[in-house]
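Each number in my numbering corresponds to the 1-based position in the sequence shown with 44 added. Built from N, CA and C at the ideal position, the CB exists for glycine as well. Below you'll find the structure, written out as structure tokens, and then a few comments.
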Amino acid sequence: MRKVRVGVIGVGYFGQFHAEKYHRLSEVELVGVADINSSRSQEIAKRFNTGAYCNYEDLYDKVDAVSIAVPTPVHYQVTKEFFHRGIDVLLEKPITTTLQQADELVEMAEKKHCVFQVGHQERFNAAIIALEESLIDPMFIESHRLSPFLQRAAGVDVVLDLMIHDIQVILSMVDSSIQSIHAVGVPIVSPHLDIANARIEFENGCIANVTASRVSREKSRKIRIFQSNAYFSIDYVAQRITVLSRDGEGSRKALFPGVFAQDIEITKTDPLELEIKSFVERVRDRRRPLVSGLDGKKALEVALRITDQIQKNIEKRRKSGLVV
């Protein structure tokens with residue numbers, strides 16, 4: 045079977061890891077990497093024994109698929125050029141900065157019969173995958189995604205930078221439309237929001253409380269899910285699940301009368317590696333990706349509703365004299 049010819053567009057912090065994963069796959073030929081920084085493209089190309097390009101246009105007739113890891117504001121511009129030429133795309137999150145752009149990309153991918161996958165890595169986290177069979181009807185979800193400030197992420201707010209990961213995971217867990225969103229947030233060290241909290245209420249009664257901060261002293265990625273028969277505590281970084289339930293079978297320990305705790309055995313994996321492998325498989329079999337362009341668009345829609353509400357609240361407080 046012929047190898048899938050792949051290129052990576054943008055080999056900054058995230059893009060270099062895409063190139064690394066493709067380089068390791070026997071079923072892939074990493075044709076080249078492209079970056080406007082010629083020294084960077086040459087450095088990464090040399091590391092992974094592939095071609096170096098300054099212009100992504102030079103890869104049009106050389107690849108079957110690409111990973112696009114350029115800055116978010118140019119996601120739309122770069123991605124549509126590859127779709128126009130019938131080339132499959134794995135696009136780093138968030139899908140774009142506007143819903144109109146996201147809709148256009150989804151529509152173009154469908155029209156050109158292209159595979160369109162959006163890079164929400166947490167869906168490939170071993171803990172999230174292991175949890176899927178146990179989820180029945182979540183009624184309360186609480187997530188915390190905290191990180192030290194990184195200058196490379198300062199171009200977008202914390203909702204599009206960090207919170208959108210948890211938004212996409214939550215949307216995959218809750219089979220219901222959103223009824224309302226209540227959100228607060230503030231900028232601390234950048235012109236954009238650096239801390240945000242959102243309470244998302246679904247029509248089926250489920251409530252999700254989502255917090256994201258990029259001014260934390262420590263890195264933390266955790267989510268807790270409550271349903272009628274159990275409580276799940278998930279650590280994304282450790283890829284660990286702790287379950288509390290009334291089921292005392294097996295090796296579960298009694299936490300207190302009638303309630304038992306159990307740590308689920310999980311083999312840790314590399315989420316990005318699984319994401320890349322899944323994309324290559326979809327390029328071959330033409331099936332719908334786990335996180336499609338439409339899924340990425342839905343996550344963006346919620347993220348934009350959150351940021352819009354926060355900005356309106358800030359403006360309202362500013363007009364009232366509560367914020368300088």
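The Cβ atoms of Gly365 and Val150 do not sit closer than 8 Å to each other. Look at the beta carbons and you see the segment 154-166 touching the segment 121-133: at least three pairs across the two are nearer than 8 Å.
Note on Ile112: 16 or more other CB atoms within 10 angstroms of its CB, so buried under the neighbour-count rule.
When Cβ pairs closer than 8 Å are counted between the two stretches, the segment 218-237 is seen to touch the segment 353-364, the count reaching three or more. Taking each of Leu135, Glu166, Val200, Glu262 in turn and checking the Cα distance to Leu237, the smallest one comes out for Val200. When secondary structure is reduced to three states using DSSP, Asn273 falls in the coil class, being assigned neither helix nor strand. In the DSSP annotation of this structure, the continuous segment of the alpha helix (DSSP H) that includes Arg349 starts and ends at 337-363. In the structure shown, Gln223 adopts extended strand secondary structure according to DSSP, grouped into three states. Here DSSP, grouped into helix, strand and coil, assigns Gln161 to strand. DSSP assignment within the segment 47-90 yields the following whole alpha helix (DSSP H) runs of 4 residues or more, N-terminal first: 57-68. Counting other Cβ atoms within 10 Å of its Cβ, Arg258 reaches 16 or more and is therefore classed as buried. Where Arg129 is concerned, there is no enclosing alpha helix (DSSP H), because DSSP gives it neither an H nor an E. If you ignore the 5 residues before and after Leu316, its C-beta comes within less than 7 Å of the C-beta of Phe61, Lys65, Gln165, all in its own chain and listed in chain order. By the CB criterion at 8 Å, Val77 and Ser70 fall outside the cutoff. In the three-state reduction of the DSSP assignment, Thr255 falls in the strand class. In the structure shown, the three-state DSSP call for Glu136 is strand. For Asp307, the enclosing beta strand (DSSP E) covers residues 303-308.
Separation of Val72 and Arg49 (C-alpha to C-alpha, rounded to the nearest whole angstrom) is 6 Å. Annotated as distal: Ile308 and Val281, with beta-carbon spacing of 8 Å or more. Linking Thr123 to Ser234 through their CA atoms gives a straight-line distance of about 28 Å. Listed in chain order, the non-local C-beta contacts of Asn169 below 7 Å within the same chain comprise Tyr280, Gln283, Pro315, local neighbours out to five positions each way being set aside.
For Phe323, the closest C-alpha among the options Pro117, Val110, Ala96 is that of Val110. If you ignore the 5 residues before and after Arg243, its C-beta comes within less than 6 Å of the C-beta of His226, Asn253, all in its own chain and listed in chain order.
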